[in-house]
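The listed protein sequences derive, respectively, from chains A and B.
The first sequence begins at 566 in the numbering used here and counts up one residue at a time.
The second sequence begins at 58 in the numbering used here and counts up one residue at a time.
These notes concern the structure reproduced below.
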Amino acid sequence: MNSFQTWIHMYLLLIRTTVRSRMQYKFNFVIGSFLAAFIQISEFLMVAIVLARFGGIRGWSIHEVGYLVAVMTLSKTLYRTIADEVHHLEKYLVSGDFDQLLTRPLPVLLALMPQSFRIMIGEVMQGGFILCWSLAGMLQAGSIGWPTVWWTPFIILTGAIILFSIGLATATIGFWTTRISELQTSTEDAARSAAQYPLAIYPKWLASFLLYAIPVGFVNYLPSLYLVKGELGAWVLAVTTAMALVCLAAALRFWQFGITKYQSTGS
Amino acid sequence: MIEARHLCKEFKTPAVKGGRFSGVRTLFSREYRVKEAVRDISFQVLPGEFVGYIGPNGAGKSTTIKMLTGILHPSSGEVRIRGLNPHRERRKAVQQLGVVFGQRSQLWWDLPVKVSYDILAHMYRVPAELKKQRLERFAELLNLPEFWDTPVRKLSLGQRMRADLAAAMLHDPDLLFLDEPTIGLDVHAKQGIREFLRQLNKEYGKTILLTTHDMDDIEQLCSRVMVINHGALSYDGTVAELRERIGLPAVITVTYRGGCQIPVLEQPGPVYRIVSAEGETLRIEADLRAMGVMELIKELGTWGEIADLSIEGPDFEEVVRRFSE
Chain A
566 MNSFQTWIHM YLLLIRTTVR SRMQYKFNFV IGSFLAAFIQ ISEFLMVAIV LARFGGIRGW
626 SIHEVGYLVA VMTLSKTLYR TIADEVHHLE KYLVSGDFDQ LLTRPLPVLL ALMPQSFRIM
686 IGEVMQGGFI LCWSLAGMLQ AGSIGWPTVW WTPFIILTGA IILFSIGLAT ATIGFWTTRI
746 SELQTSTEDA ARSAAQYPLA IYPKWLASFL LYAIPVGFVN YLPSLYLVKG ELGAWVLAVT
806 TAMALVCLAA ALRFWQFGIT KYQSTGS
Chain B
58 MIEARHLCKE FKTPAVKGGR FSGVRTLFSR EYRVKEAVRD ISFQVLPGEF VGYIGPNGAG
118 KSTTIKMLTG ILHPSSGEVR IRGLNPHRER RKAVQQLGVV FGQRSQLWWD LPVKVSYDIL
178 AHMYRVPAEL KKQRLERFAE LLNLPEFWDT PVRKLSLGQR MRADLAAAML HDPDLLFLDE
238 PTIGLDVHAK QGIREFLRQL NKEYGKTILL TTHDMDDIEQ LCSRVMVINH GALSYDGTVA
298 ELRERIGLPA VITVTYRGGC QIPVLEQPGP VYRIVSAEGE TLRIEADLRA MGVMELIKEL
358 GTWGEIADLS IEGPDFEEVV RRFSE
């Protein structure tokens, strides 16, 4: 466990210095964060306007859809804050910088993650704001109780693990194909955007696809069925946790296998 | 220190197809073109040796280094780094070695140089006092303090190379791999790097293996040279012996005023030979060990009135090319 502690120390050092170096350009940093938050919120506003007009979709109120959106955003933010470089593996494969990671006395994934750290204040602000607003709305309407509030951080965490696993498995395919950005658009971005709405609105095959093939449904929709709608039962939380762990284990195995297929670049 | 036994590496690339939907068909094709990058290379490097690993571009230098450092798995054959297999025990093996790729940096691009060292010290578990001691030593040898607090992306190539060398030595490995450490540097910067490497080798007994295209690197640093061509080792021995075997011809360009009379050479070949004659200018290759410079110029003077004369040292690429023929 000692080695994991040193790794955490190293990562914290990276975070501190990155924040400090970004802060040298305060204006840029603040404006950038606000713009990111603003763009994300206006995206949600579009959805909200449609929902307000029709009073909800398939029995999901605007606050409940807001909860789905917020959980997804915060899960993604957590994943991309800690492991952004996994998403950018293509860069390492194309340039050959991946070589360097293999000369480190660490598991390659742990050498990759601290290559850079991304500050995503904008996404945190947007997600946090929508989350608070949705929870407040639902509490007021009496459709949820306080336990939902306490469970939310846990759901965000399991969601981040699932998104990380999907991202890692997608990146691993790069060991064969080198280029992965197109693939990432479908397995990561498109799937995530789709799951910002209740899966019930989709045809059955698509809903199943988003639950079992690319399990983004487990990030927000399935836990929300219990936490927000009170359907199914508490076992949903156990299943979600199990799903997160299974995904993680499978993605790590796949990654280990993929690394042995690495072919480096020219010189 | 290093042991390579019958190393081979082949790269398989899917055969690109022509015609319609070529991209998709290539993706699903089972046809491959096999390129043998390294063929049956075996050698041993003993502690304290300074080895130059040379050869033309595409000969397999980098591929070999990548196999020795555990980056690439050999198709067949085995590597041992201080008795460890860098593929099966990668993490243990790489803790013992420092690696510098001249073409890319291992430092954190946007962070000050000093911070990169802090992160690396954590990564290799170097205690704080040891890190401080070593950095103080390197700081003096490599003149690091002039860019301590500068982000890596703002460093000049020479500064970056110095910073990278210190980074590779921070965990005090006994074995150092350098892939073209002097590439793109000016003469002054090259000298600085060489001086540092010489000290590492002579005073601290580090074993070093470097690839280069610069003959001066080899002449000034290496006790042993290995030449690789078309994936196979074609020479392994001392620098002096290599020079002995190829003769390292110098190229002399002479321009005569009003033409010249080229005598019929009685013994063409070993001493000098005329490469080209264009108008009044001759290009001559000569082995300066067999015939002194003054002697040669005197000889050339008898052919006509010399207007201009220049002597170039042996071209390294040329030497290697000729050696492998």
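The C-beta atom is built at its ideal place from N, Cα and C for all residues, glycine as well.
Computed from a predicted model, the values in this text were never measured in an experiment.
Straight-line Cα distance separating residue j from residue i
i: leucine 222 of chain B; j: valine 157 of chain B; result: 7 angstroms
i: glycine 288 of chain B; j: arginine 255 of chain B; result: 29 angstroms
i: glycine 739 of chain A; j: aspartate 175 of chain B; result: 31 angstroms
i: isoleucine 727 of chain A; j: methionine 703 of chain A; result: 26 angstroms
i: isoleucine 824 of chain A; j: glutamine 163 of chain B; result: 20 angstroms
i: leucine 654 of chain A; j: alanine 736 of chain A; result: 6 angstroms
i: threonine 310 of chain B; j: alanine 297 of chain B; result: 26 angstroms
i: leucine 674 of chain A; j: alanine 772 of chain A; result: 32 angstroms
i: glycine 134 of chain B; j: methionine 218 of chain B; result: 33 angstroms
i: phenylalanine 599 of chain A; j: leucine 266 of chain B; result: 51 angstroms
i: isoleucine 331 of chain B; j: aspartate 344 of chain B; result: 12 angstroms
i: leucine 212 of chain B; j: alanine 334 of chain B; result: 46 angstroms
i: lysine 263 of chain B; j: tyrosine 827 of chain A; result: 30 angstroms
i: alanine 676 of chain A; j: isoleucine 573 of chain A; result: 12 angstroms
i: serine 681 of chain A; j: threonine 582 of chain A; result: 11 angstroms
i: tryptophan 716 of chain A; j: leucine 792 of chain A; result: 8 angstroms
i: alanine 756 of chain A; j: tryptophan 820 of chain A; result: 21 angstroms
i: isoleucine 319 of chain B; j: leucine 366 of chain B; result: 16 angstroms
i: glutamine 691 of chain A; j: leucine 232 of chain B; result: 51 angstroms
i: methionine 808 of chain A; j: tyrosine 767 of chain A; result: 22 angstroms
Neighbouring residues, chain A, relative to residue i (Cβ below 7 angstroms)
i: tyrosine 181 of chain B; result: Pro670
Residues bridged to residue i [DSSP beta-bridge criterion]
i: leucine 266 of chain B; result: B:Val108 and B:Phe234
i: phenylalanine 100 of chain B; result: B:Ala61
i: serine 173 of chain B; result: DSSP output for serine 173 of chain B lists no bridge partner at all.
i: valine 91 of chain B; result: B:Lys69
i: aspartate 293 of chain B; result: B:Met283
i: arginine 744 of chain A; result: Per DSSP, none; premise fails for arginine 744 of chain A.
i: glutamate 135 of chain B; result: B:Arg62
i: valine 615 of chain A; result: DSSP output for valine 615 of chain A lists no bridge partner at all.
i: glycine 155 of chain B; result: B:Leu233
is_contact[residue i, chain A] using C-beta, thresh 7 angstroms
i: lysine 123 of chain B; result: yes
i: isoleucine 59 of chain B; result: no
i: threonine 269 of chain B; result: no
i: valine 209 of chain B; result: no
i: glutamine 35 of chain B; result: There is simply no residue 35 of chain B to check, as chain B begins at 58 and stops at 382 in what is shown.
i: cysteine 65 of chain B; result: no
Where residue i falls: helix, strand or coil (DSSP)
i: isoleucine 309 of chain B; result: strand
i: methionine 283 of chain B; result: strand
i: alanine 760 of chain A; result: coil
i: tyrosine 329 of chain B; result: strand
i: isoleucine 240 of chain B; result: coil
i: tryptophan 205 of chain B; result: coil
i: threonine 668 of chain A; result: coil
i: phenylalanine 682 of chain A; result: coil
i: aspartate 365 of chain B; result: strand
i: alanine 334 of chain B; result: strand
i: arginine 587 of chain A; result: helix
i: isoleucine 622 of chain A; result: strand
i: valine 673 of chain A; result: helix
i: valine 793 of chain A; result: coil
i: threonine 571 of chain A; result: helix
i: leucine 339 of chain B; result: strand
Interface partners of residue i on chain A, CB under 9 angstroms
i: arginine 148 of chain B; result: Arg669, Pro670, Leu671 and Pro672
Any chain B beta carbon closer than 7 angstroms to residue i
i: threonine 646 of chain A; result: no
i: serine 829 of chain A; result: yes
i: leucine 578 of chain A; result: yes
Neighbouring residues, chain B, relative to residue i (Cβ below 7 angstroms)
i: methionine 848 of chain A; result: The structure shown does not extend to residue 848 of chain A, since chain A spans only 566 to 832, so no value can be given for it.
i: threonine 582 of chain A; result: Leu168 and Val172
Contact set between residue i and chain B, taken where Cβ atoms lie within less than 9 angstroms
i: aspartate 664 of chain A; result: Lys123, Thr126, Ile128, Leu129, Val156, Phe158 and Arg161
i: threonine 571 of chain A; result: His179, Met180 and Arg182
i: serine 586 of chain A; result: Asp167, Leu168, Pro169, Val172 and Pro208
i: proline 780 of chain A; result: Result: empty, since nearest Cβ-Cβ is about 26 angstroms, beyond 9 angstroms.
Chain A contact residues for residue i, given Cβ-Cβ distances below 8 angstroms
i: phenylalanine 68 of chain B; result: Gln828
Closer than 8 angstroms at the beta carbon, the chain B residues around residue i
i: threonine 752 of chain A; result: Per Cβ cutoff of 8 angstroms: no residues; threonine 752 of chain A is ~17 angstroms from chain B at best.
i: threonine 737 of chain A; result: What threonine 737 of chain A touches in chain B: nothing, since even the nearest Cβ is about 17 angstroms away.
i: threonine 825 of chain A; result: His130
Check: residue i C-beta below 6 angstroms from any heavy atom of the ligand PLP
i: isoleucine 709 of chain A; result: Of ligands this structure carries none, so the ligand PLP is not represented either.
CB contact check: residue i to chain D, cutoff 7 angstroms
i: glycine 795 of chain A; result: Within the model displayed, chain D is absent; protein chains A and B are what it includes.
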